[in-house]
Every structure is written in structure tokens, then in C-alpha cells.
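Trainee: Just passing along the structure, written as C-alpha cells.
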Amino acid sequence: MCEQGPKSADILAWYDRNARDLPWRIPPHHGQAGVRPDPYHIWLSEVMLQQTTVAAVERYFRLFTSRWPDIHALADAPEAEVMGAWAGLGYYARARNLLKCARVVSRDLGGVFPRDVAGLQALPGIGPYTAGAIAAIAFDRPAVVVDANVERVMARVYAVETPLPECKTTLRRYAEGLTPANRAGDYGQAVMDLGATVCGQKPDCPQCPWRRDCRAAAAGIAADLPRNAPKPPKPERNGIVYLLHRSDGKVLVETRPAKGLLGGMLGFPGSDWVEGQAVGTPPVAADWQLLPQTVRHTFTHFHLTLQVYQAQIGIGANPAVGRFEAPAPQDMPTVMRKVWALGG
DNA sequence: CATGCGTGGAT
DNA sequence: TATCCAAGCAT
242 MCEQGPKSAD ILAWYDRNAR DLPWRIPPHH GQAGVRPDPY HIWLSEVMLQ QTTVAAVERY
302 FRLFTSRWPD IHALADAPEA EVMGAWAGLG YYARARNLLK CARVVSRDLG GVFPRDVAGL
362 QALPGIGPYT AGAIAAIAFD RPAVVVDANV ERVMARVYAV ETPLPECKTT LRRYAEGLTP
422 ANRAGDYGQA VMDLGATVCG QKPDCPQCPW RRDCRAAAAG IAADLPRNAP KPPKPERNGI
482 VYLLHRSDGK VLVETRPAKG LLGGMLGFPG SDWVEGQAVG TPPVAADWQL LPQTVRHTFT
542 HFHLTLQVYQ AQIGIGANPA VGRFEAPAPQ DMPTVMRKVW ALGG
């Protein structure tokens, strides 16, 4: 019994046959000298894909590349437009950093992305994963790509039973050991595709190119790995939102503070969101009506219940906060779309 | 190094 | 209905 371990060649051969068709992807080149993808496309897609599913990203990727075809066009866009275009995709710090990064690359680097991991990682919104992915996929550098898919596959292939996040360093070392000098970009995408399809939460081991090399499969514990440290429960928070309609059809909105939750996004004014009883001050004196329904929304780290007060007001009114606009609900984050839907 | 930061699909 | 979790990063 001489275990040889997984081979990058086996998963690359699988990728050549099974690579998913994605808008930002140049299909694997089957040995031909490769046409490289547009680094702008790879960067944009990888930032969008941070903690976000391919299905959710595809539409936004097409929207962004259609509206801003290159790094210079994006760099010249007003921040409010970029935030509005990102609305609904979540993790809005990504959009703020996306624009910062575009402006650095466009104005300081002549529109050319660094080709090495260190140079890439120095840019806003680009961390270890994204830097490795851009270097490997866009520039064919032998960079290591480690995301949650790669971690799951490594944990299974090497039967790592230590829970995440404690075993992260171990998993990265295994990933480094398997990354080939050639076609590192295709290799990384192959492992991620594998983790997104065959080696997902419900592994389909018979379809896996590494089934004969996988220690977890041999032990019958693939579905149990990786183990995860227990997560703390989400607390309940409450808030009050004011939906003020002016007689010309506009509504009272504000741009939220640049940092923190929904930072830089358009929203309706209201109270802080707190555990226990929320305390709010209406932005202007009016005949406020408490809507019978509440808005429920769950963020990464808490559940939220919003009470919505609604009022109509004349042209002359001068609220203490915000401004009157006629925003497209599409330009607002999801929780604010829910508020709008309740009042509309 | 732990925490804050969105959303929607799968289960 | 409730929980889990995704092509992570900044601080």
C-alpha cells in the first residue's frame, strides 16, 4: 500500500473537462498557449466573489463591466453611483475599497495592476486570497489560492480533524504543497470549482478526480469535514425607521456614515439599532402613523426588527436630517428595500 | 487574533 | 422557521 497523495495533474485534467462557464473566465487552454483574461475582470469578479456565491455575482459583474468597461471608467465614477450599483450584493466596504483601488491603479499605476502577490495585497480590498487569485489567474503566476473551497477540499483530502479556524495554517501548507508551478491559475480555479460542486457540503465522492487519494473518503468521513468551531448566537436588535413622503413624490433619505454597517449606502433615517427598546426622534413634526407590519432582517451578527413610521408632508418642510430624493429601491441595501416595500 | 461586516439559497 | 454558509478583508 503506497499512498502517493493527490496530483495537480489529475484535477487539472478534470477541470479541462468540467470547468464551469463563467462570464469572467477564459476556458482552460488544453495545452495551447493561453490567452490571459483581462486583469480588470479578474479583480472585479474576485472582489465580488468574496463571501458571495457565483449565482449572486454574475448579474452584478455584467452590470459593472457594461457600465464601466475598464479600470479608468470605474475610477472616474462618482462614489454614490458605485455604491448604488453595488446595492443588494452586501459587504459594502468592498464597494468603497473597490473604488479606492480603481483610483490608485488608474491614477498612480497607469491602469496596470501589479503582477505579484505583495503588490496586489497592498491595494485596498485585496487580501491574501484575492491577491493570490489575481496573480495566478490573470498573470499565470505560481501563486497559492486559499479560499473556503480550498480549505474544505484540503481538510478532506488530508483528513484534517482539527476544527476551523485553528487548522487554517495547516490547510494553507497543504495547499502550497499541491500548487503546481505551471497553470497555477487553472489549478486554483479547479480546486474551487471542485469545492463548489463535487466536494461541497454534500460530497459526491464517486465523481471526484481525487477520490483514490482522499483520506477522508477512505475513512468515510468526508461529509464531516472540515469541522467548525461553534458560532455564537445572534442577538436581537430593534430599531425605528421614518418613511417620509413629500407631496412631489420624493422621500426623505440619507447617506449613511462611511464606516460601519451599511456604510456609505443610501437609507431612510431612524434610530440606532439596539438590543432592547429603540428610541427614535422623528426628523420633522408630522402626522406619523406606525405601520402594522414590522420589517425583519438578519445581518451577519444580529437579527433586526424595525418599526416603520410613515407620514406625508408638503413641499415647504425642512427636516432635521437627510434630503428628499426619488431613489430607485434598487439603489438601496436590502433591509431598506424591505422598509420601502412596506410603506410603498 | 477576534470581531464586524450582507445577502440569499440550501437544508 | 431557524440555521448554516458562501471564490474574505480590515482593524
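Counting with the numbering used here, you get residues 242 to 585 for the letters of the first sequence. Idealized CB from N, CA, C, for every residue including glycine. Note that the structure is a prediction, hence the values are computed from the model and not measured.
(1) Is it buried or exposed, I367, if we count other Cβ atoms within 10 angstroms and call 16 or more buried?
(2) Would you check if there are 3 or more beta carbon pairs closer than 8 Å linking the segment 275-295 to the segment 375-390?
(3) Could you tell me the boundaries of the beta strand (DSSP E) in which H538 lies?
(4) With DSSP collapsed to three states, give me the class of R356.
(5) Between which two residues does the beta strand (DSSP E) holding Y589 run?
(6) Between the Cα of V358 and the Cα atoms of R348, C449, S347, T371, which residue gives the shortest distance?
(7) Going by the CB atoms, is the gap between A343 and I312 shorter than 9 Å?
(8) Using only alpha-carbon positions, find the residue among M506, A519, T410 that is nearest to A326.
(9) Using the three-state DSSP reduction, which class does Y550 fall into: helix, strand or coil?
(10) DSSP beta-bridge partners for P544?
(11) Whose C-beta lies closer than 6 Å to the C-beta of A422 among residues of the same chain, with five residues either side of it excluded?
(12) Could you tell me the boundaries of the alpha helix (DSSP H) in which T575 lies?
(13) Starting from the C-beta of R308, find all residues in its chain whose C-beta is less than 7 Å away, skip the five residues before and the five after it, and write them out in chain order.
(14) Using the Cα positions of A431 and L419, report the straight-line distance between them to the nearest angstrom.
(15) Using DSSP bridges, identify the partner residues of R564.
(16) Would you check if there are 3 or more beta carbon pairs closer than 8 Å linking the segment 449-461 to the segment 520-539?
(17) I need the DSSP call for N469, collapsed to helix, strand or coil.
(18) Exposed or buried, S286, counting other C-beta atoms within 10 Å across all chains shown (16 or more means buried)?
(19) Determine contact between the segment 436-449 and the segment 496-506, defined as no fewer than three beta-carbon pairs at a distance below 8 Å.
(20) V515 bridges to which residues according to DSSP?
(21) When you compare only the Cα positions, how much space is there between V562 and P510?
(22) Drop a sphere of 10 angstroms on the beta-carbon of V515, count the other beta-carbons inside from all chains shown, and report buried for 16 or more, exposed for fewer.
(23) With DSSP as the reference, please indicate the residues paired to P507 in a beta bridge.
(24) Classify L361 as helix, strand or coil using the three-state DSSP reduction.
(25) Quick check on DSSP: helix, strand or coil for L263?
(26) Would you please state the rounded distance, in angstroms, between the beta carbons of Y428 and L253? I believe it to be under 8 Å.
Mentor: Quick look at the numbers:
(1) buried
(2) yes
(3) 530-539
(4) coil
(5) There is simply no residue 589 to check, as the chain begins at 242 and stops at 585 in what is shown.
(6) T371
(7) yes
(8) M506
(9) If DSSP states are grouped into helix, strand and coil, Y550 belongs with the strands.
(10) Going by the sequence as given, residue 544 is His instead of Pro. H544 is bridged to E477, T539.
(11) Within the same chain, A422 has close Cβ partners P383.
(12) 575-584
(13) Only residues of its own chain outside the window of five on either side were considered, and among them A326 have a CB closer than 7 Å to the CB of R308, listed in chain order.
(14) 12 Å
(15) V494
(16) Not touching, per the Cβ criterion.
(17) strand
(18) buried
(19) no
(20) N479
(21) Going by C-alpha positions, V562 is about 7 Å away from P510.
(22) exposed
(23) A small fix is needed here, since residue 507 is Leu in this sequence, not Pro. T496.
(24) helix
(25) coil
(26) 6 Å
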